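To start, the structure itself, in structure tokens.
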């Protein structure tokens with residue numbers, strides 16, 4: 395790829411990173427919030443490299459063009475014979491073609507750079523979650539704290555799953571809880587899950603946690619809901635055989651929270 399094009403690509407990529415990290419929340423679709431500073435630094439470095447490459451290119455000297463008549467001195471033993479003409483080609487040009495030509499496919503590198511400025515790729519959602527297994531429940535080393543007296547009890551999907559499968563005190567039995575997530579249709583086409591996708595670092599290492607919903611028809615996929623209900627009895631509560639599931643009482647549409655790719659309680663009112 396020619397140097398001016400390389401400089402433009404670096405500058406566009408750096409500008410795109412700075413745009414999504416400084417002026418929008420779009421970066422949260424792809425990485426955790428804690429990676430915002432490295433994104434800003436990376437964008438600034440790429441932009442400066444692109445500008446530096448452009449300035450260097452503009453201020454540098456170009457080699458004088460050859461008129462094609464330069465010839466090596468003719469020695470006496472050559473009898474005026476030009477060996478260059480005998481070969482019929484110029485070794486300096488790589489046998490008549492330029493090995494440094496840019497492959498056409500290299501221009502596709504501009505697409506991700508431009509997408510950061512005008513059309514960012516969509517966030518992960520129900521399509522990904524439907525094809526992912528449920529995040530394994532970590533062993534609870536310490537006992538569970540008592541649930542607050544408030545009703546409904548706000549819980550994350552992970553906390554609810556742990557309570558259902560690991561809490562031998564069965565504190566969730568009969569309690570109305572409130573969970574927030576997005577809709578993922580069940581793989582068997584019957585029923586649906588309330589879902590959260592969790593980034594450990596970025597979208598590439600995401601994990602999914604799902605709670606099965608009973609008692610209401612499936613809303614459209616990717617709809618964000620605040621759902622209240624009670625544990626759906628299936629399996630022995632407090633053991634791994636218990637199903638993380640809810641008998642739905644209410645399902646209220648809510649705006650997607652800012653912290654959409656964590657399993658924290660929503661940061662935005664819902």
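Residue numbers (the working numbering): 395 to 664.
Beta carbons: idealized from backbone N, C-alpha and C, even for Gly.
Fair warning: this is a prediction, and the values are worked out from it, not measured in the lab.
{"query": "What is the DSSP secondary structure of residue 482, reduced to helix, strand or coil?", "result": "For residue 482, the predicted structure reports a pLDDT of 45, less than 50, and the residue's modelled location is therefore unreliable. The matter cannot be settled from this model."}
{"query": "Less than 8 Å between CB atoms is the rule here; does residue 434 satisfy it with respect to chain D?", "result": "This model lacks chain D altogether; it includes just one protein chain."}
{"query": "Report the start-end ranges of each beta strand (DSSP E) in the stretch 593-618 that is 3 residues or longer and not cut off at the edges.", "result": "601-608"}
{"query": "Three or more beta-carbon pairs under 8 Å between the stretch 399-419 and the stretch 428-445, yes or no?", "result": "yes"}
{"query": "What does a CB cutoff of less than 6 Å around residue 410 pick up in its chain, not counting 5 residues either side in sequence?", "result": "507, 510 and 511"}
{"query": "Please state the DSSP three-state secondary structure of residue 474.", "result": "At residue 474, the pLDDT of 49 sits below 50, so the modelled position is not reliable; the number obtained from the coordinates is stated separately. Coil at residue 474, not helix or strand."}
{"query": "Helix, strand or coil: which one does DSSP assign to residue 519?", "result": "coil"}
{"query": "DSSP three-state call for residue 435: helix, strand or coil?", "result": "helix"}
{"query": "Could you check what DSSP says for residue 576 in three-state terms: helix, strand or coil?", "result": "strand"}
{"query": "Can you tell me where the alpha helix (DSSP H) holding residue 396 begins and where it ends?", "result": "First-last for residue 396: undefined, no H or E at that position."}
{"query": "Identify, in the order they occur along the chain, each residue of the same chain with its Cβ nearer than 6 Å to the Cβ of residue 423, setting aside the five sequence neighbours on each side.", "result": "517"}
{"query": "By Cβ distance below 7 Å, which residues in the same chain neighbour residue 567 in space, the five residues on each side in sequence not counted?", "result": "625 and 631"}
{"query": "Hey, out of 605, 650, 607 and 538, whose CA is closest to residue 563's CA?", "result": "538"}
{"query": "Since residue 619 contacts residue 588 with CB under 8 Å, what's their CB separation in whole angstroms?", "result": "7 Å"}
{"query": "Evaluate residue 417 with the Cβ neighbour count: other Cβ atoms within 10 Å of its Cβ, from every protein chain shown; 16 or more gives buried, anything less gives exposed.", "result": "exposed"}
{"query": "Judging by CA-CA distance, which residue of 427, 450, 550 and 574 is the nearest neighbour of residue 621?", "result": "574"}
{"query": "Quick check on the burial criterion: 16 or more other C-beta atoms within 10 angstroms. Buried or exposed for residue 572?", "result": "buried"}
{"query": "Is residue 425 helix, strand or coil by DSSP?", "result": "strand"}
{"query": "I'd like the list of long-range same chain contacts for residue 629, defined as Cβ closer than 7 Å, with 5 residues on each side in sequence excluded.", "result": "635, 636 and 637"}
{"query": "Mapping the DSSP letters down to three states, classify residue 570 as helix, strand or coil.", "result": "coil"}
{"query": "Measuring alpha carbon to alpha carbon, tell me which residue in 614, 426 and 633 is nearest residue 565.", "result": "633"}
{"query": "Would DSSP call residue 531 helix, strand or coil?", "result": "coil"}
{"query": "Can you check which of these residues, 408, 580, 602 and 437, is closest to residue 615 by C-alpha distance?", "result": "580"}
{"query": "By DSSP's criteria, residue 590 is part of a beta bridge. Which residues make up the other side?", "result": "603"}
{"query": "Can you tell me where the alpha helix (DSSP H) holding residue 549 begins and where it ends?", "result": "From DSSP, residue 549 is part of no alpha helix (DSSP H); its letter is neither H nor E."}
{"query": "Please determine, among 639, 429 and 554, the residue with the shortest C-alpha to C-alpha distance to residue 586.", "result": "639"}
{"query": "Can you give me the start and stop residues for the beta strand (DSSP E) that residue 640 sits inside?", "result": "639-647"}
{"query": "Which whole-angstrom value is the C-beta distance of residue 421 and residue 433, which I expect to be below 8 Å?", "result": "6 Å"}
{"query": "Between which residues of its own chain and residue 642 is the CB-CB distance below 7 Å, once the five residues before and five after are set aside?", "result": "607, 608, 609, 610, 621 and 623"}
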